[in-house]
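Peer 1:
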Amino acid sequence: MSALIVDVPMRMAVVADEERCIHVRSGGARCESARIERSERCAIHHEWFNSHAAAMGLQFPEDAISLHRMLGAVLGMVVSGRVGYKSARSVVELCKMMQNNVRAYEEEVREVERDFRLGKRSSSQ
Ligand SMILES: [Zn+2]
């Protein structure tokens, strides 16, 4: 009996580490998208990083974990009096909508990152 050994080379990431977005997702994986000009982040994370919500310390809502952490932060803001009940209620309603969209969002992000690895997209797209 003999075994056939097939050497399948690992596909190299199209975006070099030093050109990748610095954002680390809730699960610990670093964003694989390329940085935009004059930023350490990709377009999506750059936009969030410069938002009022991020300035208040809220997580970028890109998966169930980050949504949960966002709601926990909002709870802390309500308890500490930093935001009113009406604002917090609006955030919760928005989080519900985001939760309904998060699977589609994650799938599209995976598709974009896969396309980058396969060279089907460039960082300017
Ligand atoms: Zn990113």
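In my numbering, the protein residues as written are 1 to 125.
Even glycine gets a Cβ: it sits at the ideal position worked out from N, Cα and C.
1) Spell out a yes or no on whether the stretch 35-50 and the stretch 15-25 are touching, meaning 3 or more CB-CB pairs, one atom from each, closer than 8 Å.
2) Runs of 4 residues minimum, wholly inside the stretch 32-112: which ones carry the alpha helix (DSSP H) assignment?
3) I'd like to confirm the pairing. Which residues does DSSP put opposite residue 20 in its beta bridges?
4) With hydrogens ignored, establish whether the beta-carbon of residue 95 is closer than 7 Å to any heavy atom of ligand 1.
5) Who are the near neighbours of residue 119 in its chain, counting only those whose CB is closer than 6 Å to its CB and skipping five residues on each side?
6) Return helix, strand or coil for residue 117, following the three-state DSSP convention.
7) Confirm the yes/no value for this check: CB of residue 39, any heavy atom of ligand 1, distance under 7 Å.
8) Pick from 110, 116 and 69: whose alpha carbon is nearest that of residue 29?
9) If we ignore side chains and look at the alpha-carbon of each, how far apart do residue 66 and residue 41 end up?
Peer 2: So, to answer that:
1) Judged by Cβ distances under 8 Å, the stretch 35-50 makes contact with the stretch 15-25, as three or more pairs qualify.
2) Listed in chain order, the complete alpha helix (DSSP H) runs (minimum 4 residues) inside the stretch 32-112 are 43-49, 52-55 and 64-80.
3) DSSP, once it has assigned bridges, lists 34 as partnering residue 20.
4) Flag unset: Cβ of residue 95 not near ligand 1.
5) Excluding residues within five positions, the ones whose Cβ falls inside 6 Å are 14.
6) If DSSP states are grouped into helix, strand and coil, residue 117 belongs with the helices.
7) Not so, every heavy atom of ligand 1 lies at least 7 Å from the Cβ.
8) The option with the nearest alpha carbon to residue 29 is 110.
9) Each residue's alpha carbon lies about 18 Å from the other.
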